[in-house]
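The numbering of the sequence shown is my numbering, which starts it at 65 and goes up by one.
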Amino acid sequence: MSILIKNGTIVTATDQYVGDVFIEGEKITTIGTALAMPADRVIDATGKYVLPGGIDVHTHMDMPFGGTTSADDFESGTIAAAFGGTTTIVDFAIQYRGERLHDAFEAWSKKAAGKAAIDYGFHMIITELSDQVEEEMDAMVRQGVSSFKLFMAYPGVFMLDDASIFRAMLRTGKNGGTICMHAENGGVIDVLVKKALAEGKTAPKYHALTRPARAEGEAAHRAIALAEIADVPVYIVHLSAAEALEQVTEARDRGLPAFAETCPQYLFLSEDNYDEPGFEGSKYVMSPPLRKKETQDRLWRGLAYNDLQAIATDHCPFCMKEKHLGDGDFSKIPNGAPGVETRMSLVYDGGVRTGRISMNRFVELTSTSPAKIFGMFPKKGTIAPGSDADIVIFDPEKTTTLSAKTHHMKVDYNPYEGRQVTGVTETVLSRGKVIVDAGKFTGRAGAGAFLKRSARSI
Ligand code: URP
Ligand code: ZN
Ligand code: ZN
């Protein structure tokens with residue numbers, strides 16, 4: 065099968081020009097102007113952007129959490145991702161206490177195989193460290209799971225103590241992997257949560273009030289300090305607080321391999337959302353929580369000046385029925401919100417159209433830079449001969465309204481309900497196959513392949 069995409073505005077992290085892209089099988093083979101080779105299908109992209117497929121390096125499909133499971137499995141979640149212009153996800157496999165990393169890898173491989181409609185990789189969440197697990201970490205990197213998420217929060221569930229964190233970092237410093245850190249001080253938060261509940265403060269908004277920005281800043285500082293001693297790259301996931309951003313900026317200024325992502329929810333929503341009537345505030349119960357509106361400008365500046373290197377979603381949706389597990393006790397509301405489908409349009413509309421970031425930076429933040437940090441580049445993350453033909457044809461003029469009524473995520477609310485965005489994914493190719501075409505899913509559940517990621521390339 066060959067496809068010729070004609071007359072689109074091709075944008076990579078560094079270039080922008082009108083041209084044609086020729087695809088044979090799964091790969092991009094030729095880029096030029098006025099290409100005339102015969103093709104099985106010709107797509108006219110006049111007036112549209114031709115972008116490398118979005119890469120979302122932070123999703124939780126089919127993830128057990130707080131007595132329930134996230135609403136999207138690998139099938140519904142990756143189809144929704146495709147509709148939103150994302151062609152690769154990196155999901156988090158979880159090693160539960162008492163388990164081997166290989167068990168977690170097998171469990172998540174079973175969840176994804178036969179279901180994922182786009183390519184996927186795994187990070188490995190480590191919740192218990194032993195000599196055997198340390199050895200397995202090396203094996204994981206060899207088999208393409210080259211990043212480990214550690215938690216400084218959720219005591220008794222996911223949280224590791226500093227000694228275990230440091231051991232995992234030392235090992236990763238040697239095996240070529242990268243540490244992903246959930247940076248919030250779990251001990252401090254636990255005290256604040258217990259105090260709030262004892263005082264009868266049970267509503268969703270207390271989730272945010274018991275997770276102060278400084279507790280994120282402190283943990284980011286500690287994560288970076290430990291990583292510096294261990295000589296390992298550290299990537300702070302779902303960074304939400306200016307206090308944490310300052311720590312990343314300072315570390316990068318000193319030349320340390322410190323990286324961070326933020327997420328659309330921290331750029332477009334704020335703590336004010338917790339004041340929505342009734343139990344609506346539970347829609348935004350996620351960790352870290354939404355912050356003050358003023359923080360949004362700080363995050364945008366961080367994105368523009370490369371103090372933040374990626375925008376991922378932390379897609380972890382729960383239906384309202386599940387959110388109601390926390391009726392009368394905010395600490396029992398499952399943490400997380402949907403976002404895998406809305407990322408590209410939100411960031412284009414709120415970032416590029418407002419002049420906060422350039423078009424090249426948009427591509428860099430949503431595709432190229434995560435591909436480089438997590439060992440997928442140049443197979444993924446760019447439009448170049450030899451790269452996978454993961455391509456998004458994006459209409460920069462089309463406007464749509466985000467809504468649970470029309471989205472494809474299997475969750476009964478949309479955190480951006482009613483928000484109009486200009487900039488919409490029109491056509492999506494995954495390894496040379498058209499999987500979204502004129503508003504219809506034309507791919508196949510199970511067509512997505514496990515992505516063996518390399519050890520770090522930056
Ligand atoms: O609230 C969140 N972020 N839920 C998903 C788990 C995590 O910490 O990423
Ligand atoms: Zn986390
Ligand atoms: Zn997450």
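Yeah, the Cβ is synthetic: ideal placement off N, Cα and C, and Gly gets one too.
Between the alpha carbons of G445 and L429 lies a gap of roughly 10 angstroms.
In terms of side-chain proximity, the C-beta atom of V485 is found no nearer than 7 angstroms to any non-hydrogen atom of ligand 3. P116 sits close to S431, with the two beta carbons spaced by under 8 angstroms. Between G185 and the set F169, V197, T418 and D361, the nearest pair of CA atoms involves F169. A272 has its alpha-carbon roughly 47 angstroms from the corresponding atom of V85. Contact residues of ligand 1 (beta-carbon closer than 6 angstroms to any heavy atom; chain order) are H124, H246, H302, M350, S351, D378, C380, N399 and G400. In this structure K356 is in contact with E335, their Cβ atoms being roughly 6 angstroms apart against a cut-off of 8 angstroms. Inter-residue distance for A176 and F514 is about 8 angstroms (C-alpha atoms, whole angstroms). As a beta-bridge residue in DSSP terms, L115 pairs with V456.
A straight-line Cα-Cα distance of about 42 angstroms links T151 and L261. Under the criterion of beta carbons closer than 8 angstroms, A291 and I243 qualify as touching, at roughly 6 angstroms. Around the beta carbon of Y369, fewer than 16 other beta carbons sit within 10 angstroms, so the residue counts as exposed. Residue pairing from DSSP places L214 in a beta bridge opposite M245. Our two residues, S134 and G141, have alpha carbons roughly 10 angstroms apart in a direct line. The beta carbon of I437 sits closer than 6 angstroms to the beta carbons of F323 from its chain, once the five residues preceding and following it are set aside; these are given in chain order. The beta carbon of D295 sits closer than 7 angstroms to the beta carbons of G237 from its chain, once the five residues preceding and following it are set aside; these are given in chain order. The alpha helix (DSSP H) runs of length 4 or more contained entirely in the region 349-384 are, from start to end of the chain, 359-368. When the five nearest sequence neighbours on each side are left out, the beta carbons in the same chain lying within less than 6 angstroms of the beta carbon of A306 are those of T359 and R362, in order along the chain. D454 and Y81 have their C-alpha atoms some 18 angstroms from each other. Nearest C-alpha to G111 among T73, W364, T132 and A144: T73. With contacts defined by Cβ atoms closer than 8 angstroms, D452 and R495 form a contacting pair.
For E139, the closest alpha carbon among the candidates G130, F129 and I153 is that of I153. Check the Cα spacing between P328 and each of S409, G149, I447 and D476: the tightest is with S409. The residue from A435, M473 and E461 with its alpha-carbon nearest to that of D120 is A435. Where S334 is concerned, there is no enclosing beta strand (DSSP E), because DSSP gives it neither an H nor an E. Under DSSP, E325 shares a beta bridge with A374. Nearest to D167 by alpha-carbon distance, out of M204, S346, A180 and I143, is M204. Taking each of D317, K269 and F382 in turn and checking the Cα distance to L372, the smallest one comes out for D317. Ranking A401, S194, Q196 and V456 by CA distance to the CA of Y480 puts A401 first.
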